[in-house]
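Trainee: One structure coming up, written as structure tokens, with questions to follow.
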Amino acid sequence: ELDHAFEKAGLTPKIVFTATDADVIKTYVRLGVGIGVIASMAVSEELDADLVKIDASHMFEYSTTKIGFRKGSFLRSYMFDFIERFAPHLTKDKVEKAMMLKNNDEVERMFKGHTLPVK
């Protein structure tokens, strides 16, 4: 997606290395290695106050992040708490209902038409 966004904007970036972890990217930026492109949800106004943040969302297509866990897992209360903090629309009740479904297609249908919060 990153290559496509730059190509679409008519830009040719000089990419020295890539990382998938936002904290690793922010660390390299802090060390002066270069600039980084990370998801807006990975930025904390409080913890990342030392970084200059420029909105580049116009360069990227909208994407949905999914939460995954192994089928048949026993989710502890702190896991449900994490899921709901990450995605407030995913209440414990909704997650438990999704866990009872037979496959991912049924889970997709369960949430079809649900408006996702955009951050």
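Using the working numbering, the first residue of the sequence shown is number 383, and each one after it goes up by one. By construction, the Cβ of each residue, glycine as well, lies at the ideal position given by its N, Cα and C atoms.
1) Would you kindly work out how many angstroms separate the C-alpha atoms of I420 and I407, rounded to a whole number?
2) Just the Cα atoms here: how many angstroms apart are V434 and I465?
3) Return the Cβ separation of I417 and V411 in integer angstroms, given the expectation that the two are a contact with Cβ distance under 8 Å.
4) For G450, which of Y460, S459, M481, D475 has the nearest alpha-carbon?
5) Let me make sure I understand the geometry here. Which of F456, L384, G414 has the alpha-carbon closest to that of T402?
6) What number of angstroms, rounded off, separates the C-alpha of E443 from the C-alpha of K390?
7) Roughly how many whole angstroms lie between the Cα atoms of K453 and T394?
Mentor: According to the structure data:
1) By 1-based counting over the sequence shown, the position of residue 420 is 38. By 1-based counting over the sequence shown, the position of residue 407 is 25. For the pair I420 and I407, the Cα-to-Cα distance works out to about 8 Å.
2) Numbered from its first residue, the sequence shown carries residue 434 at position 52. Numbered from its first residue, the sequence shown carries residue 465 at position 83. Near 29 Å, if we compare the C-alpha coordinates of I465 and V434.
3) Position 35 of the sequence shown, counted from the start, is the residue given in the question as residue 417. Position 29 of the sequence shown, counted from the start, is the residue given in the question as residue 411. Right, the Cβ-Cβ distance comes to about 6 Å (below 8 Å), so this counts as a contact.
4) As a position in the sequence shown, residue 450 is number 68, starting the count at 1. The candidate whose alpha carbon is nearest that of G450 is M481.
5) By one-based count along the sequence shown, residue 402 stands at place 20. The shortest C-alpha separation from T402 is found at L384.
6) Stepping through the sequence shown from its first residue, residue 443 is reached at position 61. Stepping through the sequence shown from its first residue, residue 390 is reached at position 8. Cα to Cα, the separation comes out at about 11 Å.
7) On the sequence shown, residue 453 is found 71 positions in, with the first residue counted as 1. On the sequence shown, residue 394 is found 12 positions in, with the first residue counted as 1. Computed Cα separation, rounded: 42 Å.
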